[in-house]
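J.:
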Amino acid sequence: MAEFRLPALNRVFIAGNLTRDPELRYTASGVPVANFRIASNRWYRSPDGERREDVCYVNIVAWQRLAELVGERLRKGSAVLIEGEMQSRQWETEGGARRTVVEIRAFRVQFLNRMDESRTDQSHGSEGLDEEESIVQVDDLVDDLPF
Numbered sequence: 003m004a005e006f007r008l009p010a011l012n013r014v015f016i017a018g019n020l021t022r023d024p025e026l027r028y029t030a031s032g033v034p035v036a037n038f039r040i041a042s043n044r045w046y047r048s049p050d051g052e053r054r055e056d057v058c059y060v061n062i063v064a065w066q067r068l069a070e071l072v073g074e075r076l077r078k079g080s081a082v083l084i085e086g087e088m089q090s091r092q093w094e095t096e097g098g099a100r101r102t103v104v105e106i107r108a109f110r111v112q113f114l115n116r117m118d119e120s121r122t123d124q125s126h127g128s129e130g131l132d133e134e135e136s137i138v139q140v141d142d143l144v145d146d147l148p149f
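Position 147 of the sequence shown, counting from 1, maps to 149 under the numbering used here, and the rest follow consecutively.
(1) Would you mind listing the alpha helix (DSSP H) stretches within the segment 8 to 88 that are 4+ residues and don't spill past its ends, in chain order?
(2) If the criterion is Cβ atoms closer than 8 Å, does the pair Gln92 and Thr102 meet it?
(3) Can you tell me where the beta strand (DSSP E) holding Thr95 begins and where it ends?
(4) Just how far apart, CA to CA, sit Leu71 and Ser80?
(5) Tell me the rounded alpha-carbon separation between Arg53 and Ala41.
(6) State the Cα-Cα distance for the pair Ala64 and Asn43, rounded to the nearest angstrom.
(7) Taking the Cβ atom as the reference point for each residue, do Leu114 and Leu83 lie within a distance shorter than 8 Å?
(8) Answer with buried or exposed for Leu20, where buried requires no fewer than 16 other C-beta atoms within 10 angstroms of its C-beta.
(9) Is Glu105 helix, strand or coil by DSSP?
(10) Determine, using beta carbons only, whether Pro24 and Gln66 come nearer to each other than 8 Å.
(11) So is Phe109 buried or exposed if we call it buried at 16+ other beta carbons inside 10 Å?
(12) So who's on the other strand from Phe113, going by DSSP bridges?
(13) Using only CA atoms, which one of Leu11, Lys78, Ala4 and Cys58 lies nearest to Gly86?
(14) What is the rounded straight-line gap between the Cα of Glu96 and the Cα of Thr29?
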């Protein structure tokens, strides 16, 4: 009997709202990277019939031109749909403690704010963008990623 092998699959889709403005910075070699966090809400009924909300906070990282667009167009409260993959990073603090973070590396970001909302608040969301322009993905922006 042949050994069973699972396919290598690491794909995540999540929608939510930014909890604060994205942090856009540049690596020592000048590569743009944006870090932000979204809150994704889930509503359910408890066993006693009460409607409750569960919130999941997820860290997102975007690279290259996607990072620059995120930094330019998104603000706290912006609604987004993220497509990417899970990744984990480890580092050691100055005190010697080992830290680990799990985050989503974004390949695609779709801005979900309605056009009429962005017209009333020009600093929020995807103002002036049609549906095609509101979807930004890595394939459209770069050939090589820095990892």
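The C-beta atom is built at its ideal place from N, Cα and C for all residues, glycine as well.
T.: Straight from the coordinates:
(1) Runs of the alpha helix (DSSP H) inside the segment 8 to 88: 66 to 75.
(2) Looking up residue 92 in the sequence shown gives position 90. Looking up residue 102 in the sequence shown gives position 100. In this structure, Thr102 lies closer than 8 Å to Gln92 by Cβ.
(3) Locating residue 95 in the sequence shown gives position 93, counting from the first residue. Run containing Thr95: none; DSSP gives neither H nor E here.
(4) Numbered from 1 along the sequence shown, position 69 holds the residue referred to as residue 71. Numbered from 1 along the sequence shown, position 78 holds the residue referred to as residue 80. Looking at the two C-alpha atoms, the distance is approximately 13 Å.
(5) Position 51 of the sequence shown, counted from the first residue, corresponds to residue 53. Position 39 of the sequence shown, counted from the first residue, corresponds to residue 41. Each residue's alpha carbon lies about 19 Å from the other.
(6) The sequence position of residue 64 within the sequence shown is 62, counting from 1. The sequence position of residue 43 within the sequence shown is 41, counting from 1. Roughly 22 Å separates the two Cα atoms.
(7) Taking the first residue of the sequence shown as 1, we reach residue 114 at position 112. Taking the first residue of the sequence shown as 1, we reach residue 83 at position 81. Taking 8 Å as the Cβ cut-off, Leu114 and Leu83 qualify as a contacting pair.
(8) Position 18 of the sequence shown, counted from the first residue, corresponds to residue 20. Burial call: buried.
(9) Indexing the sequence shown from 1 puts residue 105 at position 103. In the three-state reduction of the DSSP assignment, Glu105 falls in the strand class.
(10) In the sequence shown, residue 24 corresponds to position 22, counting from 1. In the sequence shown, residue 66 corresponds to position 64, counting from 1. Not a contact, by the Cβ cut-off of 8 Å.
(11) On the sequence shown, position 107 is the one that residue 109 refers to. By the 10 Å Cβ count, Phe109 comes out buried.
(12) Within the sequence shown, residue 113 is the residue found at index 111, counting from 1. Paired residue(s): Val82.
(13) Numbered from 1 along the sequence shown, position 84 holds the residue referred to as residue 86. Considering only Leu11, Lys78, Ala4 and Cys58, the residue with the shortest C-alpha distance to Gly86 is Leu11.
(14) Translated into positions along the sequence shown, residue 96 becomes position 94. Translated into positions along the sequence shown, residue 29 becomes position 27. Each residue's alpha carbon lies about 20 Å from the other.
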